[in-house]
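Participant: Numbering (the numbering used here), first residue to last: 137 to 394. Every residue, glycine too, gets a C-beta built ideally from N, C-alpha and C.
1) Would you give the residue range spanned by the beta strand (DSSP E) that residue 142 belongs to?
2) Counting pairs of Cβ atoms below 8 angstroms between the region 352-371 and the region 271-288, do you hit three or more?
3) Helix, strand or coil for residue 345? Go by DSSP, reduced to three states.
4) The alpha helix (DSSP H) that contains residue 375, what's its start and end?
5) Ordered along the chain, which non-local residues of its own chain (more than five positions away) have a Cβ less than 7 angstroms from that of residue 374?
6) What runs of the alpha helix (DSSP H), each 4 residues or longer, lie entirely inside the region 281-349?
7) Measure the alpha-carbon distance for residue 299 versus residue 159 and round it to whole angstroms.
8) Three-state secondary structure (DSSP) at residue 357?
9) What's the gap between the Cα of residue 224 and the Cα of residue 203?
10) Taking the alpha carbon of residue 198 as the reference point, which residue from 167, 230, 296 and 146 has its own alpha carbon closest?
11) So what does DSSP say about residue 277, is it helix, strand or coil?
12) Can you tell me which of 218, 369 and 259 puts its alpha carbon nearest to the alpha carbon of residue 167?
13) In this structure, does DSSP put residue 177 in helix, strand or coil?
14) Taking the straight line between their C-alpha atoms, what separation do you get for residue 244 and residue 252?
15) In whole angstroms, what is the alpha-carbon distance linking residue 250 and residue 176?
16) Count the other CB atoms, across all protein chains shown, that sit within 10 Å of the CB of residue 338; report buried if there are 16 or more and exposed otherwise.
17) Examine the Cβ distances between the region 303-315 and the region 324-333 and report whether three or more of them are shorter than 8 angstroms.
18) Ends of the beta strand (DSSP E) at residue 148?
19) If we call anything under 9 angstroms between Cβ atoms a contact, is residue 155 one with residue 268?
20) Quick one: measure Cβ to Cβ for residue 181 and residue 232, integer angstroms, because I've assumed they're closer than 8 angstroms.
21) Skipping 5 residues on each side, what residues in its chain have a beta carbon closer than 6 angstroms to that of residue 149?
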């Protein structure tokens, strides 16, 4: 667990930024592999550029507006300092979906087929991204009240909040859950499924896991029903995915495969 890995002269190379870049590169590589025999083969790289930009914007805005507004409202210059952490994966997903809608519309591609192709790669990248959170000491859990848990070192946000108390390994468990979802999606890709089901499964499983793990988090404010912003977002996503799944089933019954 190390916020700054090393220095290049006077420039600190931070673990968070380095691992996020690694996560993006691995996700793009997996997506290119999964699309190798499809019409999307030549679209992955150009789409990735647009998706990364929109995902970063969405991730930062979501974090600033819904997770840490109390802090950023009094430290506005910190809003652009994404290298210090503070990216909401849910905001990144929303930004990425928005870019996928635009890209598939512009290039006359099937949105559902496209996001089905991308889903395993994206959730794999999310799993790697949680390693960045762990190294940076953010997305941490609340105190366990026992000897079990992670004790974050000085210099991390978690230590500033809770000191040397053992905390629930919320970000580690979420990363592990992401890799489990990746395995499930890869297994599902061997089956002939209606367009959109893979994406809906990915979103539903991630939202369910995130909703449950948020009860262990100790770094975000809570609102109505004592839920965090991530739980309310997850709840909305689950409801939306159920509606999409119903629509997909009816579409298949009508024989509409567009």
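Facilitator: Result, derived from the coordinates:
1) Along the chain shown, one-based indexing puts residue 142 at 6. From DSSP, the beta strand (DSSP E) with residue 142 extends over 140-144.
2) A contact exists between the region 352-371 and the region 271-288.
3) Taking the first residue of the chain shown as position 1, residue 345 is located at position 209. Under the three-state reduction of DSSP output, residue 345 falls in the helix class.
4) Your numbering for residue 375 matches position 239 in the chain shown. Looking at the DSSP string, the run of the alpha helix (DSSP H) that includes residue 375 is 365-390.
5) Counting from 1 along the chain shown, the entry for residue 374 is found at position 238. Once the five neighbours on either side are set aside, the close Cβ partners of residue 374 are 340, 343 and 344.
6) Complete alpha helix (DSSP H) runs here, min 4: 293-298, 306-324 and 333-349.
7) Numbered from its first residue, the chain shown carries residue 299 at position 163. Numbered from its first residue, the chain shown carries residue 159 at position 23. When rounded, the distance between both Cα atoms is 29 angstroms.
8) Here residue 357 refers to the residue found at position 221 when the chain shown is read from its first residue. Residue 357 falls in the coil class under three-state DSSP.
9) As a working note, residue 224 is residue 88 in the chain shown. As a working note, residue 203 is residue 67 in the chain shown. Rounded to the nearest angstrom, the two C-alpha atoms are 8 angstroms apart.
10) By 1-based counting over the chain shown, the position of residue 198 is 62. Of the candidates 167, 230, 296 and 146, the one whose C-alpha sits nearest the C-alpha of residue 198 is 230.
11) Numbered from 1 along the chain shown, position 141 holds the residue referred to as residue 277. Strand at residue 277.
12) Position 31 of the chain shown holds residue 167. Among 218, 369 and 259, the Cα nearest to that of residue 167 is on 259.
13) Stepping through the chain shown from its first residue, residue 177 is reached at position 41. Looking at residue 177 - three-state DSSP - the assignment turns out to be coil, as it is neither helix nor strand.
14) Within the chain shown, residue 244 is the residue found at index 108, counting from 1. Within the chain shown, residue 252 is the residue found at index 116, counting from 1. For residue 244 and residue 252, the distance between alpha carbons rounds to 16 angstroms.
15) To locate residue 250, count along the chain shown from 1; it is residue 114. To locate residue 176, count along the chain shown from 1; it is residue 40. Residue 250 and residue 176 have their C-alpha atoms some 7 angstroms from each other.
16) On the chain shown, position 202 is the one that residue 338 refers to. Buried, since its Cβ has 16 or more Cβ neighbours within 10 Å.
17) The region 303-315, when compared against the region 324-333, does not touch it at the 8 angstroms Cβ threshold.
18) For this step, residue 148 is matched to residue 12 along the chain shown. First-last of the beta strand (DSSP E) with residue 148: 147-150.
19) Counted from its first residue, the chain shown places residue 155 at position 19. Counted from its first residue, the chain shown places residue 268 at position 132. Their beta carbons are under 9 angstroms apart, which means residue 155 touches residue 268 by this criterion.
20) Reading the chain shown from its first residue, position 45 is the one you call residue 181. Reading the chain shown from its first residue, position 96 is the one you call residue 232. In this structure residue 181 does not touch residue 232 by the C-beta definition: roughly 15 angstroms separates them, more than the 8 angstroms allowed.
21) On the chain shown, residue 149 is found 13 positions in, with the first residue counted as 1. Once the five neighbours on either side are set aside, the close Cβ partners of residue 149 are 141 and 142.
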